[in-house]
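So the structure is just underneath, and the comments pick up after that.
There are 4 protein chains.
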Amino acid sequence: MPLLIRIDPEDDRAIYVQIMDEIRRAVLLGGLTAGEALPSVREVAAEVRVNPNTVRQAYRELQREGLLGTRRGVGSFVREDANLDDGQREAARRRVARRVLRDAYRHGLNLDELITLLREVAAPREAGGSG
Amino acid sequence: MPLLIRIDPEDDRAIYVQIMDEIRRAVLLGGLTAGEALPSVREVAAEVRVNPNTVRQAYRELQREGLLGTRRGVGSFVREDANLDDGQREAARRRVARRVLRDAYRHGLNLDELITLLREVAAPREAGGSG
Amino acid sequence: MPLLIRIDPEDDRAIYVQIMDEIRRAVLLGGLTAGEALPSVREVAAEVRVNPNTVRQAYRELQREGLLGTRRGVGSFVREDANLDDGQREAARRRVARRVLRDAYRHGLNLDELITLLREVAAPREAGGSG
Amino acid sequence: MPLLIRIDPEDDRAIYVQIMDEIRRAVLLGGLTAGEALPSVREVAAEVRVNPNTVRQAYRELQREGLLGTRRGVGSFVREDANLDDGQREAARRRVARRVLRDAYRHGLNLDELITLLREVAAPREAGGSG
DNA sequence: GTGGTCTAGACCACA
DNA sequence: GTGGTCTAGACCACC
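For the protein sequence lines, the chains are A, B, C and D, in the order given.
The numbering of the first sequence is the numbering used here, which starts it at 2 and goes up by one.
The numbering of the second sequence is the numbering used here, which starts it at 2 and goes up by one.
The numbering of the third sequence is the numbering used here, which starts it at 2 and goes up by one.
The numbering of the fourth sequence is the numbering used here, which starts it at 2 and goes up by one.
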């Protein structure tokens, strides 16, 4: 299985929040589908090099949200009745944008400076970045 | 470990500055070597009889200088590398931009979609993002 | 302040669950009223001799239930809008009874044996325990 | 610490029994003294190359015998006192009853109210509590 | 193996 | 001081 979850140590968000977001993303974007098993707490912990308790906290919060279910001695899985409508996908995208903006402000960048920089760093990958 | 830091109440310098100097001195003189763990904020605070926040301020400034590093849940330690020069600030900003972009890609957004979203969520704050 | 929370090490329930129940009890029985501050996580931890994280977990779950609110750097308190109706009081009592029964079964006692024992041990305190 | 426990695969006794005997021997011979911590279940399992559950079973049996004690989140250790005789079972039951009663009192229930509630909640299981 | 609970003790943000 | 996050690593119940 490819690495499901990626943590950014420079991201100011708590690690367990990043993990939650990565799992939400994987579910919303189809990397994980309803009923599917998630990697175990220990596996994720080993992969992203964090303490199992940190991963556990993320899984626990997602259980409360109703996205995940768990069975002791068995594992965790995406709930069948997890609502995965388009509105949630759009909300996820806006969350990303808001987070990005906060991040930029914290580093002394305003919106225009951020956009300029984004175009610059994207150039090599998108061959001009359009716009 | 013997008392690492000694504060002189008759010294005119702010206490946190004295603590910073004491730690710098310990590193330069070899009392503390690269990679070595520092005593915890609370330990130092208890030893030299100052508020933990004062010690924390000293540690934080030394982190900014690049002399110390810290790992959440573990402690503070002397960094392996030296402090960075001023031009590195620009590099840091580009790192932010690259991180942002990677985050967006992972959520299925390309550059233009991200910029559009950024302008939307920034609108209330920057009135269109150009002022 | 008298000891608000009492933990029973022989109780098989997780400690944080016991703490939750003790706080619910104090609120329902009037020992704590809406808006009132709770002892800090560290205070409770010191009183009942458990790790602060264990107390924190209890507080956190009660926040999610809507019974408690917390403000960082300030403390925790009973929420003004916590519903404390008679139905909840009755439910709390039935929870106690169910727990007691489970406890007895685990120790090889059936209902009648338990009641007999209860009357015996209560006798010195209630002078016969009635009928 | 040198290897505490040695298992003989040609020994007819169950492995967990061998482990129990090895620990008893270590305590009797002074290799382990009262209050001393035992290696963790996982450590022993790794050393003697058996399943952790097997070691756990040995530890659990020794707990029942009264030779070992365990503290959650800390580990297992040799108990200061010896094992208890059989007549203590009755005392344990009375402890249960006393605990139950204290719990009820704390929730504002007297003996009769508790018994009434117990009969109610037991009804579905014991069909009235007398059979 | 799995998830769940707990300890000890660190730093962090906030007031 | 407060609450919040995190590490390291233990035992427990269950499969």
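Note that CB positions come from ideal geometry on N, CA and C, so glycine has one too.
query = What are the start and end residues of each continuous alpha helix (DSSP H) run of 4 or more residues lying completely inside the segment 52-114 of chain D, in chain order?
reply = 53-66 and 89-107
message = Here's the rule I'm using: 16 or more other beta-carbon atoms within 10 Å means buried, otherwise exposed. How should V45 (chain B) be labelled?
response = buried
ask   = Considering only the beta carbon of each residue, do R100 (chain D) and E11 (chain C) sit closer than 9 Å?
value = yes
message = So with CB distances below 7 Å, who are the chain A contacts of G109 (chain B)?
response = L30
message = Strictly under 9 Å for the Cβ-Cβ distance: is L33 (chain B) near chain A by that measure?
response = no
query = According to DSSP, is A123 (chain D) helix, strand or coil?
reply = helix
query = Exposed or buried, D22 (chain A), counting other C-beta atoms within 10 Å across all chains shown (16 or more means buried)?
reply = buried
message = Beta-carbon within less than 8 Å of T71 (chain D)'s beta-carbon, same chain only, minus the 5 sequence neighbours each way: which residues are those?
response = Y60, Q64, S77 and F78
ask   = Within 9 Å (strictly less), CB to CB, does A123 (chain B) reach chain A?
value = yes
inquiry  = Measuring straight from C-alpha to C-alpha, what distance separates L110 (chain B) and A47 (chain B)?
reply    = 51 Å
query = Do you know whose CA, among C:A124, C:T117, C:A83 and C:E114, lies nearest L29 (chain C)'s CA?
reply = C:A83
message = Quick check on E73 (chain C): buried or exposed, where buried means 16 or more other Cβ atoms within 10 Å of its Cβ?
response = Residue identity differs from the one stated: residue 73 (chain C) is Arg in this sequence, not Glu. It counts as exposed.
Whole-number beta carbon distance between L118 (chain B) and A124 (chain A), since they are thought to touch under 8 Å = Going by Cβ atoms, the distance from A124 (chain A) to L118 (chain B) rounds to 20 Å, so no, they are not a contact pair.
ask   = Looking only at its own chain, which residues have a Cβ that is under 8 Å from the Cβ of L85 (chain A), when we skip the five neighbours before and after it?
value = V28, L29 and A35
Pick from C:Q89, C:N52 and C:A105 that is closest to A93 (chain D), judged by C-alpha positions = C:A105
request  = Please decide whether A59 (chain B) counts as near chain A, where near means a Cβ-Cβ distance under 9 Å.
outcome  = no
key: Neighbourhood of L33 (chain A) by C-beta, 8 Å cutoff - its chain only, sequence neighbours within 5 removed   = L5, I24, A27, L39 and V79
inquiry  = In the DSSP output, which residue or residues are listed as bridge partners for A38 (chain C)?
reply    = C:F78
ask   = What residues in its chain sit with their C-beta under 7 Å from that of V49 (chain B), if we drop five residues either side in the sequence?
value = I6 and I8
ask   = Exposed or buried, which one is R120 (chain C) when buried takes at least 16 other CB atoms within 10 Å?
value = buried
query = Among C:R95, C:D87, C:L69 and C:L115, which residue has its Cα nearest to the Cα of E91 (chain D)?
reply = C:L115
inquiry  = In whole angstroms, give me the CA-to-CA distance for G67 (chain A) and R14 (chain D).
reply    = 49 Å
request  = Alpha carbon to alpha carbon, how far is L69 (chain C) from Q89 (chain C)? Give it in angstroms, no decimals.
outcome  = 16 Å
ask   = Among A:R95, A:R96 and A:V18, which one has its Cα closest to the Cα of Q58 (chain A)?
value = A:V18
Where V122 (chain C) falls, given that 16 or more other Cβ within 10 Å makes a residue buried = buried
request  = Taking only beta-carbon positions, decide if E37 (chain A) is within less than 9 Å of chain B.
outcome  = no
query = Interface residues of chain B around G20 (chain A) at Cβ under 8 Å?
reply = As written in the sequence, residue 20 (chain A) is Ile, which differs from the Gly given in the question. Under the 8 Å cutoff, chain B gives no residues; its nearest Cβ is about 13 Å from I20 (chain A).
request  = For the alpha helix (DSSP H) holding L30 (chain A), just list the boundary residues, first then last.
outcome  = L30 (chain A) -> no alpha helix (DSSP H), and no H or E assigned at all.
query = Quick one: Cα of I20 (chain A) to Cα of N54 (chain A), how far?
reply = 12 Å
query = Does A92 (chain D) have its Cβ less than 9 Å from a Cβ in chain C?
reply = no
message = I need the DSSP call for L118 (chain B), collapsed to helix, strand or coil.
response = helix
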